[in-house]
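**Q** Could you have a look at this structure, given as structure tokens, before my questions?
4 protein chains.
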Amino acid sequence: MFFASDNAGPAHPSVMQRVAAENTGYAMPYGADDTMNEVRTQIRHLFEAPEAAVYLVATGTAANALALACYCDPWQTVFCSDLAHIQEDECNAPEFYSGGAKLSLVAGGDKLTPDALRSRIAAEETRGVHGPERGAVSITQVTERGRVYTLDELRALTAVAQDFKLPVHLDGARFANAVVALGCTPAEMTWKAGVDVVSFGGTKNGCLGVEAVVLFDPKKAWEFELRRKRGAHLFSKHRYLSAQMAGYLTDDTWLTTARAANANSARLAAGLRAHGAVFVADPDANMIFAQFPRHVHQRLHDAGAAYYIWDGTLEGSDPQEMLTARLVCEWSITAAQIDQFLSYFE
Amino acid sequence: MFFASDNAGPAHPSVMQRVAAENTGYAMPYGADDTMNEVRTQIRHLFEAPEAAVYLVATGTAANALALACYCDPWQTVFCSDLAHIQEDECNAPEFYSGGAKLSLVAGGDKLTPDALRSRIAAEETRGVHGPERGAVSITQVTERGRVYTLDELRALTAVAQDFKLPVHLDGARFANAVVALGCTPAEMTWKAGVDVVSFGGTKNGCLGVEAVVLFDPKKAWEFELRRKRGAHLFSKHRYLSAQMAGYLTDDTWLTTARAANANSARLAAGLRAHGAVFVADPDANMIFAQFPRHVHQRLHDAGAAYYIWDGTLEGSDPQEMLTARLVCEWSITAAQIDQFLSYFE
Amino acid sequence: MFFASDNAGPAHPSVMQRVAAENTGYAMPYGADDTMNEVRTQIRHLFEAPEAAVYLVATGTAANALALACYCDPWQTVFCSDLAHIQEDECNAPEFYSGGAKLSLVAGGDKLTPDALRSRIAAEETRGVHGPERGAVSITQVTERGRVYTLDELRALTAVAQDFKLPVHLDGARFANAVVALGCTPAEMTWKAGVDVVSFGGTKNGCLGVEAVVLFDPKKAWEFELRRKRGAHLFSKHRYLSAQMAGYLTDDTWLTTARAANANSARLAAGLRAHGAVFVADPDANMIFAQFPRHVHQRLHDAGAAYYIWDGTLEGSDPQEMLTARLVCEWSITAAQIDQFLSYFE
Amino acid sequence: MFFASDNAGPAHPSVMQRVAAENTGYAMPYGADDTMNEVRTQIRHLFEAPEAAVYLVATGTAANALALACYCDPWQTVFCSDLAHIQEDECNAPEFYSGGAKLSLVAGGDKLTPDALRSRIAAEETRGVHGPERGAVSITQVTERGRVYTLDELRALTAVAQDFKLPVHLDGARFANAVVALGCTPAEMTWKAGVDVVSFGGTKNGCLGVEAVVLFDPKKAWEFELRRKRGAHLFSKHRYLSAQMAGYLTDDTWLTTARAANANSARLAAGLRAHGAVFVADPDANMIFAQFPRHVHQRLHDAGAAYYIWDGTLEGSDPQEMLTARLVCEWSITAAQIDQFLSYFE
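Chains A, B, C and D, in that order, give the protein sequences.
Per my numbering, the very first residue in the first sequence carries number 1; after that it's consecutive.
Per my numbering, the very first residue in the second sequence carries number 1001; after that it's consecutive.
Per my numbering, the very first residue in the third sequence carries number 2001; after that it's consecutive.
Per my numbering, the very first residue in the fourth sequence carries number 3001; after that it's consecutive.
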């Protein structure tokens, strides 16, 4: 009963088999391997972006920090949710890679609203050289609380960015889960919605450790390559990143795993709801924030269930009685495990 | 006939099998996996350093840049060969990670001598706050030209560093090849010889992409962890780094592959020598710099042999006639491939 | 009628005369001038801190950024008001000098409260290497809205910092105005109240451009010197910084000018109050935020009065009718100018 | 008898008087003062560059580091003499301001030759993302050993830079001394000779502390302004920088002081030559490197003469007998002081 994170599960067989299959003979290093050529073509096709620059790195933080650094000068500030991964969980990597840019936090939780974003940008009024300049807008899809922006919501946010002529970064660590939730195409969720650069996450969704960064403006390509190398993120045996991504794209594995993860989450959410749990945020994809009684937590804990306890309880709830859990479902969890988990509610 | 680099070959089966074997169930992320505990213990044992801090990263540049940053302030300068990988091939990653430290190049080629090192350090005379302060000494073992420092040579260099109270970093991208060449222990080649921090390379010697950084002073551990995370080099699915290293250490795979690589190189070197090729540097490990006639290069090239052509020819040679090749042997090259390569000399 | 800023007025004659007096013969460069020795002794005496490290720089931003960098690692975060000068008006200089540290903003306006500070620090919960580590607390005295922390208030804030073992930085761009407002000693407002490093501002209070940085822990001295030089803030003809500070300290000029500025402000505030203006914040020192009718603004503007219009109006006020002014009084403003300004309210 | 440096003497009366004269009433802060407008116009006129961006900073290191940062990306390398001030005497400020760029040293002493420069640039062969990219060329005029590039020599160097499409920075800490030595115009020594950005030094030549940075490409203006503010080098009471520069430009004071300094140096050099001293480098401007017997040094030292002893002696000289002095003449030294100095040779 492991619901702690989708970064704790195994890689999908399609990914692992491809890695093993590539483990023969010689391959050109540093991204010049044939598999990378194949991957680049596939991702461009997937995103309907024949000119896009496509690169692989091994961690989501590298994908975010490098992408933002290409779109944010050191004297600028990035606009993001006050719960954004780039703010909360990357140990100042965005600041490091950008050379000291600031993050301007939009209050109000995981999901940016156009009004909140606009007023935060406006508040960072331009004061000549004194204040930071306005830089990129960064959006996380799926959000850090498990919600998914609709395409309309995304477009409304990027429209705000465009009003201020700011570029838009999409943190897509759970990109596939969002695409599945929305039933849309990758293009619709990115450049067609006004996104300039996106990370197409693989690690949490069935890979060992690989994220594609897709820059829709190919003029940014060389700068990204230099920043990646300077950041020590260019793999010499790059084929093993390429192979992961190739396996991930084969037969739409990335959709298969995301569908499984989302379905697992839906099954778990339905069960929780049936047992009276209350959701802190709509469980739109594969991550659930649910409040339920402490004594149930105790039983689950004793049974070895793994998940994170979250700060705080919902308004009106008694913190002596209730506690909030973060429950993340990855693709490989079985229905039996979920049902076993739910059985402790009975 | 692939001799371009030891970063272009496959991973050893022991490594790949361990990665596949670990691909099941859940593992704690971010280095808290059980396999990492095992690896840490093994590496401490291997280095006879029960207190050492041990971390894994995926690239050699990350290993070097993070290790140096822990031992070099932004206002200091690192002393290294003018051919050092950290100078020539890391796109200013050491400068980036250290926050702008300088590299002071010791002239004279790949192999530092105590005199050259001492006089370079002395030349960076302390001028109060004006000049950079003296920082770490960085040594590459195997050197960038394929030579190996003897233990006496290493100790003579670290003695110079100690005279100036400077810490010593060892770039061990080809650590195993050097250990095999010297027939010494890892401890003898590191802390017993005065080294403070070393990268124990796996990538070039049979792994997919993993390097251990071993800091013999455990007080540096937490800083390294923060720098690694801030640099976006902490893997969430860390088990796949651990598994590589675990497979690499199993049954001394790391020695097996290094012995194979060195033996391949020795076979190739012997053949070249027999055919009159001249060595630019002693081929002590698995990398050969050899000069031979252009018409042989042409034949090899036509036959599809892959290797790098190096700048320059030896003094007294005619550059119209002769050309220098860098030939790197990795563990998986067969005797037949080597002999086929040599056949073009006949 | 110039109330735009205290950085627009002239230097006090005592300062200018000392600069002119020092302009003869030779003086050792880079801070080794005799006048600096004198200044160091005087400031140590003034702060009752015989061991303190004392340095001069030319700008308040340099003083803040260098001081913070000595007390905040790149993976940490500084706690400050969301209106702090280091956040709003330094173009990411603190991020630049610290190597990419973050600023964690305490909401609630210019004046930190212990509760707000404590809860902000607590919210930046330690998440191992993921989040930023907690770094320094930065307090501005006089605040950016013209208020002055009492000694009790300061001690309550530094007590919070001490609970988390965090160092405390005091931005003292208007240090003298605060000392005069409180009627306390420099020591009482700094190390006796738990402050680790302070900028003792001269620029806004009668100098041409000089700020002293006082580090009460002399072990930080050498790091500060290196950071100052690396930041290009070490003056070769340092005597002209020393001379300013020497003139500023002569016969308590710094207190004389601050008393004049505060008295000017009190006269202006009394007049404004008498004419029904409402204060956004208590005008404790030499800066007033006052709301009064737009038609008065118009009259003042037509008459050539210079001051900044501030965003927003007080709750319950009609923004069509009312507007907020920031009015800063420096030492050289005359009573006649103030009274002339006030005459437009009649 | 003070010959230690031209940064130890007083400011010229014309400069000091202008500073005092400006010390009245209010002036717009942060470079918006009227005097700056006047200075900008004058410098554009002086350089025959009506579009040039002109900024003032207080230190030569700031001028160099900020200018270079505008012309050198963090993954690039700057080409300069191995004796360059930016390499030897700025405590890694260029690395700090550029975000970690490298300096590639051209061996051969203070004066770059086209061949040495070309071969150093060529040696930094482009290796894709691996090596640093080639960045700016930085030339010091007057050199660190007191020599002056002729216009032909300058043009030959910038032609090399242009062959590689690299921008050219001129460190003009002693700009005026060079102009006087060459009898040329500022335009001839800068943009007409292929220079992109220059520091027009005031500090060493009669100011308190001010350097103009002149960027001939106005498209760099805004970036420079942001970098200056972020580096904490934008003065609030900017009028005092403007006033210095205004006084420096009044009645060609800058030429007057430079002529005096150079003439002082010529008188000293002639006397030294007459007494058999040998010059390490041609004393083209106001700085002399001369070798003479130790017993004369002793006499001078006993008499209180101040100057730096330099490492090394000329080939063929006996270091037991001879020693090298660096003797810098600034404008205010009197003929009597020089003659007194020379009297110790008799």
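We treat Cβ as the ideally placed atom computed from N, Cα and C, and that holds for glycine.
Note that the coordinates shown come from a computational prediction; the quantities given were computed from them, not determined experimentally.
For residue 1325 of chain B, name the three-state secondary structure that DSSP assigns.
**A** Within the second sequence, residue 1325 of chain B is the residue found at index 325, counting from 1. Note: residue 1325 of chain B maps to strand in three-state DSSP.
**Q** What is the DSSP secondary structure of residue 1169 of chain B, reduced to helix, strand or coil?
**A** As a first step, residue 1169 of chain B must be located in the second sequence, where it is residue number 169. In this structure, residue 1169 of chain B counts as strand in the three-state DSSP scheme.
**Q** Enumerated in chain order, which unbroken segments of the alpha helix (DSSP H) with a length of 4 residues or greater are wholly contained in the region 2260-2302 of chain C?
**A** Whole alpha helix (DSSP H) segments, 4+ residues: 2294-2302.
**Q** Identify each residue in the region 2095-2117 of chain C for which the Cβ-Cβ distance to at least one residue of chain A is less than 9 Å, and report them in chain order.
**A** For the region 2095-2117 of chain C, which is checked against every Cβ of chain A, the residues closer than 9 Å are 2095, 2096, 2097, 2098, 2099, 2100, 2101, 2102, 2103, 2105, 2107.
**Q** Could you pull the start and end residues of the alpha helix (DSSP H) that residue 2183 of chain C belongs to?
**A** Taking the first residue of the third sequence as position 1, residue 2183 of chain C is located at position 183. Per DSSP, residue 2183 of chain C belongs to no alpha helix (DSSP H) and is neither H nor E.
**Q** Are the beta-carbon atoms belonging to residue 1120 of chain B and residue 1079 of chain B less than 8 Å from one another?
**A** As a working mapping, residue 1120 of chain B is identified with position 120 in the second sequence. As a working mapping, residue 1079 of chain B is identified with position 79 in the second sequence. Cβ atoms of residue 1120 of chain B and residue 1079 of chain B: closer than 8 Å.
**Q** Can you confirm whether the region 2187-2200 of chain C touches the region 2042-2049 of chain C when touching is taken to mean that 3 or more C-beta pairs between the two stretches lie within less than 8 Å?
**A** These segments touch.
**Q** Since residue 1131 of chain B meets chain D, which of its residues come closer than 8 Å, beta carbon to beta carbon?
**A** Stepping through the second sequence from its first residue, residue 1131 of chain B is reached at position 131. Residues of chain D passing the Cβ test: 3088, 3089, 3091.
**Q** Distance check for residue 220 of chain A and residue 24 of chain A, CA to CA, integer angstroms please.
**A** Position 24 of the first sequence holds residue 24 of chain A. Position 220 of the first sequence holds residue 220 of chain A. Cα-Cα distance, rounded: 33 Å.
**Q** May I ask which residues mark the beginning and end of the alpha helix (DSSP H) holding residue 2076 of chain C?
**A** The count along the third sequence starts at 1 and reaches residue 2076 of chain C at position 76. Premise fails: residue 2076 of chain C lies in the beta strand (DSSP E), 2076-2081, not in any alpha helix (DSSP H).
**Q** Answer with yes or no whether the minimum CB distance from residue 1260 of chain B to chain A is below 8 Å.
**A** Position 260 of the second sequence holds residue 1260 of chain B. Chain A, which has no Cβ nearer than 8 Å to the Cβ of residue 1260 of chain B, makes this no.
**Q** With a threshold of 6 Å on Cβ separation, who are the neighbours of residue 3290 of chain D within its own chain once the five nearest residues in sequence on each side are excluded?
**A** For the purposes of this step, residue 3290 of chain D is taken as the residue at position 290 of the fourth sequence. The answer, listed in chain order, is 3272, 3277, 3279, 3325.
**Q** Under the three-state reduction of DSSP, which class applies to residue 230 of chain A: helix, strand or coil?
**A** Sequence index remark: in the first sequence, residue 230 of chain A carries index 230 (1-based). In the structure shown, residue 230 of chain A sits in a helix (DSSP, three-state: H, G or I).
**Q** Indicate whether at least one CB of chain D lies closer than 8 Å to the CB of residue 1254 of chain B.
**A** Numbered from 1 along the second sequence, position 254 holds the residue referred to as residue 1254 of chain B. Output row for residue 1254 of chain B: interface = no.
**Q** Using a cut-off of 7 Å between C-beta atoms, extract the partners of residue 3237 of chain D located in chain C.
**A** Taking the fourth sequence and counting its residues from 1, the one referred to as residue 3237 of chain D is at position 237. What residue 3237 of chain D touches in chain C: 2007, 2203, 2208, 2209.
**Q** Taking residue 2225 of chain C as the query, report the chain B residues whose CB atoms sit under 7 Å from its CB, ordered along the chain.
**A** What you label residue 2225 of chain C is simply residue 225 of the third sequence in a count that begins at 1. Neighbours of residue 2225 of chain C on chain B, chain order: 1129.
**Q** Quick one: is residue 3230 of chain D near chain C, going by C-beta distance under 8 Å?
**A** Position 230 of the fourth sequence, counted from the start, is the residue given in the question as residue 3230 of chain D. Yes - at least one Cβ of chain C is within 8 Å of the one on residue 3230 of chain D.
**Q** Excluding the 5 residues preceding and the 5 following residue 1285 of chain B in the sequence, name in chain order all residues of the same chain whose CB lies nearer than 7 Å to its CB.
**A** Mapped onto the second sequence, residue 1285 of chain B falls at position 285. So the qualifying residues of the chain are 1142, 1146, 1148, 1174, 1177, 1178, 1181, 1262, 1265.
**Q** Any idea if residue 3314 of chain D is buried or exposed, counting beta-carbon neighbours within 10 angstroms, 16 or more meaning buried?
**A** Residue 3314 of chain D sits at position 314 when you count from the first residue of the fourth sequence. With fewer than 16 Cβ atoms within 10 Å of its Cβ, residue 3314 of chain D is classed as exposed.
**Q** Relative to the C-alpha of residue 3350 of chain D, which residue among D:3320, D:3160, D:3100 is closest?
**A** Examination of residue 3350 of chain D is not possible in this model, given that chain D is present from 3001 through 3346 alone.
**Q** Could you compute how far the alpha carbon of residue 92 of chain A sits from the alpha carbon of residue 3009 of chain D?
**A** Walking along the first sequence from the start, residue 92 of chain A turns up at place 92. Walking along the fourth sequence from the start, residue 3009 of chain D turns up at place 9. Taking the straight line joining both Cα atoms gives about 45 Å.
**Q** Counting only Cβ-Cβ distances shorter than 7 Å, please list the residues of the region 2290-2309 of chain C near chain D, keeping chain order.
**A** Hits within the stretch: zero.
**Q** Considering residue 3309 of chain D, what are the terminal residues of the alpha helix (DSSP H) in which it resides?
**A** The residue given as residue 3309 of chain D occupies position 309 in the fourth sequence. No alpha helix (DSSP H) contains residue 3309 of chain D, which is instead part of the beta strand (DSSP E) from 3308-3310.
**Q** Mind checking who residue 1138 of chain B pairs with in its DSSP beta bridge?
**A** Within the second sequence, the letter at position 138 stands for residue 1138 of chain B. Answer by DSSP bridge pairing, in chain order: B:1169.
**Q** Assign residue 2165 of chain C to buried or exposed, taking buried as 16 or more other Cβ atoms, counted over all protein chains shown, within 10 Å of its Cβ.
**A** What you label residue 2165 of chain C is simply residue 165 of the third sequence in a count that begins at 1. Exposed is the call here.
**Q** Along chain D, in chain order, which residues have C-beta atoms closer than 8 Å to that of residue 1319 of chain B?
**A** As a first step, residue 1319 of chain B must be located in the second sequence, where it is residue number 319. Those within 8 Å of residue 1319 of chain B in chain D number zero; the least Cβ separation is about 16 Å.
**Q** Check for me: the alpha helix (DSSP H) holding residue 2336 of chain C runs from which residue to which?
**A** Here residue 2336 of chain C refers to the residue found at position 336 of the third sequence. Run containing residue 2336 of chain C: 2335-2343, per the alpha helix (DSSP H) assignment.
**Q** Would you identify the three-state DSSP class for residue 1112 of chain B, choosing helix, strand or coil?
**A** Position 112 of the second sequence, counted from the first residue, corresponds to residue 1112 of chain B. Coil at residue 1112 of chain B, not helix or strand.
**Q** One question on the structure: do residue 2307 of chain C and residue 2004 of chain C come within less than 8 Å of each other, judged by their Cβ atoms?
**A** Residue numbering aside, residue 2307 of chain C sits at position 307 when the third sequence is read from its first letter. Residue numbering aside, residue 2004 of chain C sits at position 4 when the third sequence is read from its first letter. In contact: residue 2307 of chain C and residue 2004 of chain C (Cβ atoms closer than 8 Å).
**Q** Could you please give me the residues that DSSP links to residue 1197 of chain B through a beta bridge?
**A** Here residue 1197 of chain B is taken as the residue at index 197 of the second sequence, counted from 1. According to DSSP, residue 1197 of chain B bridges with B:1169, B:1215.
**Q** Exposed or buried, residue 1087 of chain B, counting other C-beta atoms within 10 Å across all chains shown (16 or more means buried)?
**A** On the second sequence, residue 1087 of chain B is found 87 positions in, with the first residue counted as 1. Result: buried.
**Q** Could you check whether the Cβ of residue 2364 of chain C sits closer than 8 Å to any Cβ belonging to chain D?
**A** In the structure as shown, chain C begins at 2001 and stops at 2346. Residue 2364 of chain C is therefore absent and cannot be evaluated.
**Q** Under a three-way DSSP split, which group does residue 2102 of chain C fall into?
**A** As a working mapping, residue 2102 of chain C is identified with position 102 in the third sequence. It is a strand residue.
**Q** List, in order along the chain, the chain D residues whose C-beta lies closer than 8 Å to that of residue 75 of chain A?
**A** One-based indexing of the first sequence puts residue 75 of chain A at position 75. Near residue 75 of chain A (Cβ distances below 8 Å), the residues of chain D are 3226, 3227, 3229, 3230.
**Q** Please classify residue 2175 of chain C: does DSSP put it in a helix, a strand, or coil?
**A** Within the third sequence, the letter at position 175 stands for residue 2175 of chain C. In the structure shown, residue 2175 of chain C sits in a helix (DSSP, three-state: H, G or I).
**Q** For residue 259 of chain A, I'd like the list of residues in its chain whose CB is within less than 6 Å of its CB, leaving aside the five on either flank, ordered along the chain.
**A** Counted from its first residue, the first sequence places residue 259 of chain A at position 259. Contacts found: 180.
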